[in-house]
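Position in the sequence shown (from 1) plus 5 gives the number in my numbering.
Ideal placement from N, C-alpha and C gives every residue a C-beta, glycine not left out.
None of these values were measured; they are calculated from a predicted model.
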Amino acid sequence: MSRILPAARRLSAGFFAAAFLYSLDLSIVRAQHAVVEQLPPIEVTKSDDQIRTRARATGDGDPALSRAAPNVAPSAVPGAGSSGSVGGVAASNAGIVGTATTVITAADIAHAPSQTLAEIIATQVPGAQITTFYGGQIGAKTSVDLRGFGAFATANTLVLINGRRLNDVDMAQVDLSTIPLNAIERIEITRGNSGAVLYGDNAVGGVINIVTRNGVGGPPIAARIEAGFGSFDTRLGNVSTALNSGPWSTSFYGNAVKTDGYRDNNRYVQENGIGNLNYTTPGLTAFLTVTGDNQELRLPGGRTVDRSIGLDELATNRKGTGTPFNYANQQGFSATAGFTKTLVNGVDLIVDGGMRDKKQQSAFFSSPTPVPAVFTSTYVDADLTTWSITPRLSVKGLLLGMPSQLLTGIDYYDASYRQDRGAGQGLAPWHNYDLRQQTVAGYVQHTLGVAPTTDISYGARVQTIRLSARDNFDPAAPFNADIGALPLRSDETQYALHLGAEHRLNDIFSLFGRAARAFRTPDVDERVSSGPSFDPFFNPLPQTFQLKTQTSQDVEGGLRIKAGGLQMQGSLYLMDLTNEVHFNPILFYNTNLDPTRRYGSETSVSYRVNDALLLRSGMAYTRAVFREGVWAGNDVPLVSRYTASAGVTWNIWQNYVVLDATARFWSERRMDNDQAGTQRPIPANGTIDLKLSGQYERYFWSLSANNVLNALYYDYAIASTFTDGRFSAYPLPGRTYLLKAGATF
Numbered sequence: 006m007s008r009i010l011p012a013a014r015r016l017s018a019g020f021f022a023a024a025f026l027y028s029l030d031l032s033i034v035r036a037q038h039a040v041v042e043q044l045p046p047i048e049v050t051k052s053d054d055q056i057r058t059r060a061r062a063t064g065d066g067d068p069a070l071s072r073a074a075p076n077v078a079p080s081a082v083p084g085a086g087s088s089g090s091v092g093g094v095a096a097s098n099a100g101i102v103g104t105a106t107t108v109i110t111a112a113d114i115a116h117a118p119s120q121t122l123a124e125i126i127a128t129q130v131p132g133a134q135i136t137t138f139y140g141g142q143i144g145a146k147t148s149v150d151l152r153g154f155g156a157f158a159t160a161n162t163l164v165l166i167n168g169r170r171l172n173d174v175d176m177a178q179v180d181l182s183t184i185p186l187n188a189i190e191r192i193e194i195t196r197g198n199s200g201a202v203l204y205g206d207n208a209v210g211g212v213i214n215i216v217t218r219n220g221v222g223g224p225p226i227a228a229r230i231e232a233g234f235g236s237f238d239t240r241l242g243n244v245s246t247a248l249n250s251g252p253w254s255t256s257f258y259g260n261a262v263k264t265d266g267y268r269d270n271n272r273y274v275q276e277n278g279i280g281n282l283n284y285t286t287p288g289l290t291a292f293l294t295v296t297g298d299n300q301e302l303r304l305p306g307g308r309t310v311d312r313s314i315g316l317d318e319l320a321t322n323r324k325g326t327g328t329p330f331n332y333a334n335q336q337g338f339s340a341t342a343g344f345t346k347t348l349v350n351g352v353d354l355i356v357d358g359g360m361r362d363k364k365q366q367s368a369f370f371s372s373p374t375p376v377p378a379v380f381t382s383t384y385v386d387a388d389l390t391t392w393s394i395t396p397r398l399s400v401k402g403l404l405l406g407m408p409s410q411l412l413t414g415i416d417y418y419d420a421s422y423r424q425d426r427g428a429g430q431g432l433a434p435w436h437n438y439d440l441r442q443q444t445v446a447g448y449v450q451h452t453l454g455v456a457p458t459t460d461i462s463y464g465a466r467v468q469t470i471r472l473s474a475r476d477n478f479d480p481a482a483p484f485n486a487d488i489g490a491l492p493l494r495s496d497e498t499q500y501a502l503h504l505g506a507e508h509r510l511n512d513i514f515s516l517f518g519r520a521a522r523a524f525r526t527p528d529v530d531e532r533v534s535s536g537p538s539f540d541p542f543f544n545p546l547p548q549t550f551q552l553k554t555q556t557s558q559d560v561e562g563g564l565r566i567k568a569g570g571l572q573m574q575g576s577l578y579l580m581d582l583t584n585e586v587h588f589n590p591i592l593f594y595n596t597n598l599d600p601t602r603r604y605g606s607e608t609s610v611s612y613r614v615n616d617a618l619l620l621r622s623g624m625a626y627t628r629a630v631f632r633e634g635v636w637a638g639n640d641v642p643l644v645s646r647y648t649a650s651a652g653v654t655w656n657i658w659q660n661y662v663v664l665d666a667t668a669r670f671w672s673e674r675r676m677d678n679d680q681a682g683t684q685r686p687i688p689a690n691g692t693i694d695l696k697l698s699g700q701y702e703r704y705f706w707s708l709s710a711n712n713v714l715n716a717l718y719y720d721y722a723i724a725s726t727f728t729d730g731r732f733s734a735y736p737l738p739g740r741t742y743l744l745k746a747g748a749t750f
């Protein structure tokens, strides 16, 4: 701590001094030009675009404002956008200059037939792939994969809420199911690693920024309630409330879902809530946000297939379980507060900080009985607490006559992780892992309109990571057959870079491109399982916590088209990575892979036929391959080469009846643990989802049918290390239904 804080002060002084001199220069320029508020607009598209293009200084969607006022977003009555109107509430442009960006609005979410946030993203974002273990209304543990990272997708996709990172330092990463859908104003997805300058590590495949509602600017009192039931005895309820009085506003968004799940031992209970308190005046805004979530999930395990011995549980007992007593529970709490103060015209000081706490308990029994034993049972009790403060300056104005926007700041995060691991609940643990990670970073990102038709953006981040890890090992603990890990203390400095440009050829066509560098530090779970566990004769060896930091460089170029109701965005990209982290299932430890490469193309198209009919589609080609080592040229597991989606929203009768339909297709992918490419792949498949909804005065309803063709498929399977042709898969449900109804007040 004593070494981190002086570094933070030096970085803070340097960056804020630079910003002050920059703002002073702008004040001189302002004296020679018209007022800043009358700057010529430099937006590429109108605010109602289906494809968002860039971050601009005019609107709540640009990244500076997402960070500058993270809790301030346009909002209306809680639940606005659920009325069934086509198109919904349009968000401002979002993204970083030169990047491929998609915005999903609250109306898009309300219309979507899919019931989970991860599935909604997969149907709206070209190239986004998901891996889910349970399906139906169970969104828990579903990962969103941007740019083809397979089993480690969650560690390479950075998730933000109101511009603040949610990714923790453990492998659990972000569970999107803990965010109430009715609390979301919009979702801004930036693909590629340019977000690493603004937000730090994990932003390798892309950034998902979830902007929540807060009730600011709404009526004095508003409320919304909704209830539903569906397949597998699913029951859910949602509630939203908002109060406004003068500069003060408060809101609450909560939901609860309970379902038996498709399979045996798959019961799921999820409760979430987000509360906001906001103070808004022209020169000062402040907020307090508190969240809480509780999740109980039973784990049915995989279904084993080994045709050489006539075993095929996918065919004979698809819904069954071989682990009837396994479970994983989680409880989360967070509190974030901050303010934005206008220092002078065009210069804002933004300070916010917060605390996040996540507790997890899980039990695993490899035998069908819940009896603690050597090698066949594990109980884990973990607690992760993260403190953060992120002061920054946003400076907007003219620089040498050119529209300019500068964002600079400091990010400080302090995470403490404790994990007890033993044979069973109530027994003394074998391992008591204690890890602490502190990061301090300084960053600058500058966007400049160098010509009326051309913008550039460049930025850099320097981040220092300090880690201490130890294992308080108890050799006398019951059923112990392990040895303790070696302690580790490390200090490392990493950096991220971004350079992007966008040029508008005319009112219809624009070109964009970028180059960037990003990094990902290993999470604490990966370090806990690092270093060889056994020697070649299976004698136990001490783990080391030591893993190298993953780095990546990528380039991307693309085209955007907007002509009447038609909008299209397409891009090509290439990404090279070194030291990608991977689990070695033979020796049971994590290691750094040989260099890998991602490349491909992503295209999205939308066409508004008229006020009542909207068509949209997306397609992507994704290659993730090893470029060196014994697997050179082989595909990275769990990544489909081809993905596509299509959707239609049709307002059949004045919002009384609205039809939404989405289709999603993905090609075959290699099983997890099949780097050699010798096992049969996970088959290609696709789903079609339908939804009828409507609203009459203050009452609304919807009926969803998911996977209407009753496809029997699975997203995830892991190949056996020792037996060729043997694998374990997680089957997903066929056709499901969900009926919901509610009212606004």
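Unbroken alpha helix (DSSP H) run spanning residue i, endpoints
| i | result |
| --- | --- |
| Tyr718 | Per DSSP, Tyr718 belongs to no alpha helix (DSSP H) and is neither H nor E. |
| Gln129 | 122-129 |
| Leu248 | Counting along the chain, Leu248 falls outside any alpha helix (DSSP H), though it belongs to the beta strand (DSSP E) covering 239-250. |
| Asp113 | 111-116 |
Which listed residue (the options) has its alpha carbon closest to that of residue i
| i | options | result |
| --- | --- | --- |
| Tyr757 | Ala456, Phe478, Gly297 | Outside the shown range of the chain (6 to 750) lies residue 757, about which nothing can therefore be said. |
| Pro226 | Ile213, Arg475, Ala247, Asn485 | The sequence shown places Ile at residue 226, rather than the Pro named in the question. Per the Cα distances, Ala247. |
| Gly623 | Asn712, Glu585, Pro131, Ala111 | Pro131 |
| Ser421 | Leu504, Thr444, Val400 | Thr444 |
| Gly222 | Ile230, Gly200, Thr526, Ser250 | Ser250 |
| Ala637 | Leu598, Glu276, Tyr418 | Leu598 |
| Ile194 | Ile166, Leu579, Ala188 | Ile166 |
| Asp5 | Ser119, Ile470, Gly211, Asn678 | Given that the chain is displayed from residue 6 to residue 750, the structure contains no residue 5 and the question cannot be resolved. |
| Pro480 | Leu579, His436, Gly569 | His436 |
| Thr110 | Val102, Gly103, Thr104, Gln129 | Gln129 |
| Gln275 | Leu304, Ile657, Ile184, Thr347 | Ile184 |
| Glu607 | Ser576, Leu619, Asp616 | Ser576 |
| Gly414 | Val202, Leu404, Arg509 | Val202 |
Any non-hydrogen atom of the ligand GTP within 7 Å of residue i CB
| i | result |
| --- | --- |
| Pro329 | Looking for the ligand GTP in the displayed structure turns up nothing, as the structure carries no ligands at all. |
Test item: CB-CB of residue i and residue j under 8 Å
| i | j | result |
| --- | --- | --- |
| Ala123 | Gln134 | no |
| Phe344 | Thr290 | yes |
| Thr383 | Ala428 | yes |
| Asp425 | Asp386 | yes |
| Ala378 | Phe484 | yes |
| Val455 | Ala465 | no |
| Val630 | Thr601 | yes |
| Leu398 | Leu354 | yes |
| Val586 | Gly153 | no |
| Ser707 | Ile723 | no |
| Val174 | Thr159 | no |
| Asp694 | Asn711 | yes |
| Asp419 | Thr395 | no |
| Ala228 | Ser254 | no |
| Thr136 | Tyr718 | no |
| Phe517 | Gly103 | yes |
| Tyr267 | Phe237 | yes |
Residues bridged to residue i (per DSSP)
| i | result |
| --- | --- |
| Tyr258 | Ser245, Ile279 |
| Val274 | Lys263, Glu301 |
| Pro736 | Tyr719 |
| Gly691 | Phe670 |
| Phe524 | Thr556 |
| Ile488 | Answer is none; Ile488 lacks a bridge partner. |
Residue span of the beta strand (DSSP E) that contains residue i, given as start and end
| i | result |
| --- | --- |
| Ala651 | 647-658 |
| Gly358 | 352-370 |
| Arg312 | No beta strand (DSSP E) holds Arg312; DSSP gives it neither H nor E. |
| Lys553 | That residue, Lys553, is in no beta strand (DSSP E); it is neither H nor E in DSSP. |
| Arg628 | 618-631 |
| Ser462 | 459-476 |
| Met573 | 571-583 |
| Glu702 | Unbroken run through Glu702: none, as it is neither H nor E. |
At which residue ranges does the region 143-226 contain complete alpha helix (DSSP H) runs of 4 or more residues, listed in the order of the chain?
Runs of the alpha helix (DSSP H) inside the region 143-226: 158-161, 201-204.
Start-end ranges of the alpha helix (DSSP H) lying completely within the region 317-350, minimum 4 residues
Under the rule that a run must span 4 or more residues, the alpha helix (DSSP H) segments found entirely inside the region 317-350 read 318-321.
Counting only runs that start and end within the region 407-449, where is the beta strand (DSSP E) found for 3 or more residues in a row? Uninterrupted beta strand (DSSP E) stretches at least 3 residues long and entirely within the region 407-449 occur at 407-427, given in chain order.
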